[in-house]
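If you read the protein sequences in the order shown, they are chains A and B. Per full-length UniProt numbering, the first sequence starts with residue 1, numbered consecutively. Per full-length UniProt numbering, the second sequence starts with residue 1, numbered consecutively.
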Amino acid sequence: MLQALCSRSLQAARLCAPRRAVVVEVVRGRKSRSDPIAKSKEGRIKTPPPVDPVEMVVLKERYEEYQLIISALRLEFKEEVQRKKYEAETGSMAEERARKEAEEHSALMAWNRAENQRMLQLRLQRVQKEKEEVEQKEFEAALEREQKRQEFIKLKEEELLRLQEEAKHFITLENLDQRIEEALDNPKNYNFAIDKEGRVIKQTVLK
Amino acid sequence: MTVNYNTTGELSDGARNFVFFKIPQIQYQNQRVQIMMFKNMTPSPFLKFYLDDGEQVLVDVEGKNYKDISLHVKKILGKSEDTLQAEAEVKASNPANFGPKKYCLRECICEVEGQVPCPGTKPLPKEMTGKYRAKMAAQQE
Numbered sequence: 001m002l003q004a005l006c007s008r009s010l011q012a013a014r015l016c017a018p019r020r021a022v023v024v025e026v027v028r029g030r031k032s033r034s035d036p037i038a039k040s041k042e043g044r045i046k047t048p049p050p051v052d053p054v055e056m057v058v059l060k061e062r063y064e065e066y067q068l069i070i071s072a073l074r075l076e077f078k079e080e081v082q083r084k085k086y087e088a089e090t091g092s093m094a095e096e097r098a099r100k101e102a103e104e105h106s107a108l109m110a111w112n113r114a115e116n117q118r119m120l121q122l123r124l125q126r127v128q129k130e131k132e133e134v135e136q137k138e139f140e141a142a143l144e145r146e147q148k149r150q151e152f153i154k155l156k157e158e159e160l161l162r163l164q165e166e167a168k169h170f171i172t173l174e175n176l177d178q179r180i181e182e183a184l185d186n187p188k189n190y191n192f193a194i195d196k197e198g199r200v201i202k203q204t205v206l207k
Numbered sequence: 001m002t003v004n005y006n007t008t009g010e011l012s013d014g015a016r017n018f019v020f021f022k023i024p025q026i027q028y029q030n031q032r033v034q035i036m037m038f039k040n041m042t043p044s045p046f047l048k049f050y051l052d053d054g055e056q057v058l059v060d061v062e063g064k065n066y067k068d069i070s071l072h073v074k075k076i077l078g079k080s081e082d083t084l085q086a087e088a089e090v091k092a093s094n095p096a097n098f099g100p101k102k103y104c105l106r107e108c109i110c111e112v113e114g115q116v117p118c119p120g121t122k123p124l125p126k127e128m129t130g131k132y133r134a135k136m137a138a139q140q141e
């Protein structure tokens with residue numbers, strides 16, 4: 001927002017400013033190579049800050065000593081780190097450690113293989129059990145079916161026998177007359193009475 | 001590392017829970033390891049690890065509890081207790097770390113001899129405070 005405001009004010013300034021002013025937004029490194037020097041800096045000669053030779057000599061000595069010590073320390077530490085790394089990789093302990101690690105790894109792999117074998121056995125047993133169960137169920141279902149079929153047959157046979165028995169008492173064309181005579185001779189009285197105690201009385205006034 | 005498991009069935013239960021509970025931790029501790037899940041591709045669940053030297057480690061996890069699976073994997077392929085302890089010690093012994101007393105030597109630079117003392121115990125000299133400096137800068141303008 002600040003930049004927008006700046007640009008707006010700059011736009012206004014641009015309109016009233018002379019042609020050869022630098023027209024760039026307010027950012028770091030405003031001027032490029034081809035831009036002219038600012039009006040206030042036209043005759044400027046840049047001079048470095050003055051140096052006191054005596055002070056310079058003393059300072060130089062001190063700086064040299066300081067830098068010597070510091071760089072020596074730095075190299076010491078670097079060397080220590082590198083030596084540690086070298087020893088870790090190709091030292092006497094490193095080979096032993098590597099060998100021990102390889103041994104441990106192979107031992108663990110063997111243990112893992114044994115575990116897998118155990119799981120395999122368990123799985124085989126489980127599968128076997130499931131198969132047996134399925135077979136058992138199948139067998140039982142077959143028995144059930146057989147039994148049901150037998151019962152059905154028996155039922156039908158009984159029905160058949162009953163029907164045969166009843167067929168003996170059927171009314172046919174031959175004994176039609178005889179049966180009519182019999183029916184007329186023995187009139188049946190279907191009336192009956194019943195009281196609240198549940199006693200049934202079959203004998204009525206009508207004979 | 002690949003995990004083959006089934007989305008249904010009691011035997012894959014442990015594998016499913018392992019994928020849900022333990023895989024994020026494993027991935028966090030081994031960020032450069034690719035972990036892939038394959039669902040309903042094989043009748044029984046298993047884990048397969050592809051090591052750097054080309055070795056493949058198969059772990060059968062049918063019917064196991066997810067905690068058991070995690071312990072099993074930790075045993076065969078995890079860092080041993082002493083390695084972990086050594087690493088923790090190395091991390092703790094770096095004197096350049098500042099933090100809680102439990103993990104690091106010092107908590108703040110003000111504890112070191114020759115450094116600016118803690119402003120909580122002894123107030124800073126005027127020239128070092130922010131408000132004095134701001135006042136001076138405002139006066140200059």
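Heads up, the beta-carbon is just placed ideally off N, CA and C, and yes, glycines get one too. This one's a predicted model, so the numbers in the text were calculated from it and none came from an experiment.
Problem - Contacting residues, own chain, Cβ-Cβ under 8 Å from A:Ala193 (five flanking each side not counted) - result: Val200, Ile201 and Thr204
Exercise for the section: Verify the CB distance criterion: does A:Glu104 have a CB-CB separation below 9 Å to chain B? Expected result: yes
Exercise for the section: Measure the CB-CB distance between B:Glu89 and B:Phe98 and report whether it falls below 9 Å. Expected result: no
Practice task
For chain B, find out if any of its Cβ atoms is closer than 9 Å to the Cβ of A:Tyr123; answer yes or no.
Solution key: Correcting the residue identity first, residue 123 of chain A is Arg in this sequence and not Tyr. Yes - at least one Cβ of chain B is within 9 Å of the one on A:Arg123.
Problem - Beta-carbon proximity of B:Asn17 to B:Phe46, cut-off 9 Å - result: No, these two residues do not count as a Cβ contact at 9 Å.
Practice task
Quickly, what does DSSP pair B:Asn4 with across the bridge? List them, please.
Solution key: B:Phe38 and B:Phe46
Handout entry: Where A:Ala38 falls: helix, strand or coil (DSSP)
Key = coil
Handout entry: Closest Cα partner of residue 142 of chain B within the set B:Cys104, B:Tyr66, B:Asp82 and B:Val61
Key = With chain B running from 1 to 141 in the structure shown, residue 142 of chain B is simply not present.
Handout entry: B:Leu124 - DSSP class collapsed to helix/strand/coil
Key = coil
Exercise for the section: Would you kindly report the start and end of the unbroken alpha helix (DSSP H) that includes A:Val81? Expected result: Element bounds for A:Val81: Pro53 to Thr90.
Handout entry: Cα-Cα separation between A:Ala114 and B:Pro95, rounded to whole angstroms
Key = For A:Ala114 and B:Pro95, the distance between alpha carbons rounds to 46 Å.
Practice task
Can you say whether B:Val73 is buried or exposed, counting buried as having 16 or more other CB atoms within 10 angstroms of its CB?
Solution key: B:Val73 sits buried, since 16 or more C-beta atoms from the chains shown fall within 10 Å of its C-beta.
Exercise for the section: Helix, strand or coil for A:Ala193, going by three-state DSSP, please let me know. Expected result: strand
Handout entry: chain B within 9 Å of A:Leu73, Cβ atoms only
Key = no
Handout entry: Beta bridge counterpart(s) of A:Val200 as assigned by DSSP
Key = A:Ile194
Practice task
Tell whether a beta-carbon distance below 9 Å holds between B:Ala92 and B:Tyr103.
Solution key: B:Tyr103 sits close to B:Ala92, with the two beta carbons spaced by under 9 Å.
Handout entry: Of the listed residues B:Thr2, B:Ile26 and B:Ser44, nearest to B:Asp13 (C-alpha basis)
Key = B:Ser44
Exercise for the section: Mind checking which residues open and close the beta strand (DSSP E) that includes B:Val57? Expected result: Unbroken beta strand (DSSP E) run through B:Val57: Gln56 to Asp60.
Handout entry: Cβ neighbours of A:Ala13 in the same chain (closer than 8 Å, five flanking residues each side left out)
Key = Because the pLDDT of A:Ala13 is 49, which lies under 50, any placement of that residue in the model is unreliable, and the question is left without a value.
Practice task
Name, please, each residue of chain A whose Cβ falls closer than 9 Å to the Cβ of B:Phe75.
Solution key: Position check: residue 75 of chain B holds Lys in this sequence, whereas Phe was assumed. Residues of chain A passing the Cβ test: Leu108, Trp111 and Asn112.
Practice task
Output yes if chain B places a C-beta closer than 9 Å to the C-beta of A:Glu76; else output no.
Solution key: no
Handout entry: Below-9 Å beta-carbon distance, B:Asn6 vs any chain A residue
Key = no
Problem - Host alpha helix (DSSP H) of B:Ser12 (start-end) - result: First-last for B:Ser12: undefined, no H or E at that position.
Practice task
Starting from residue 163 of chain B, trace the alpha helix (DSSP H) both ways and give me its first and last residue.
Solution key: This structure does not reach residue 163 of chain B, given that chain B is present from 1 up to 141, and the question cannot be answered.
Handout entry: 9 Å Cβ cutoff, A:Leu120 in contact with chain B
Key = It does: the Cβ of A:Leu120 has a partner Cβ on chain B nearer than 9 Å.
Exercise for the section: Quickly, what does DSSP pair B:Phe98 with across the bridge? List them, please. Expected result: B:Arg106
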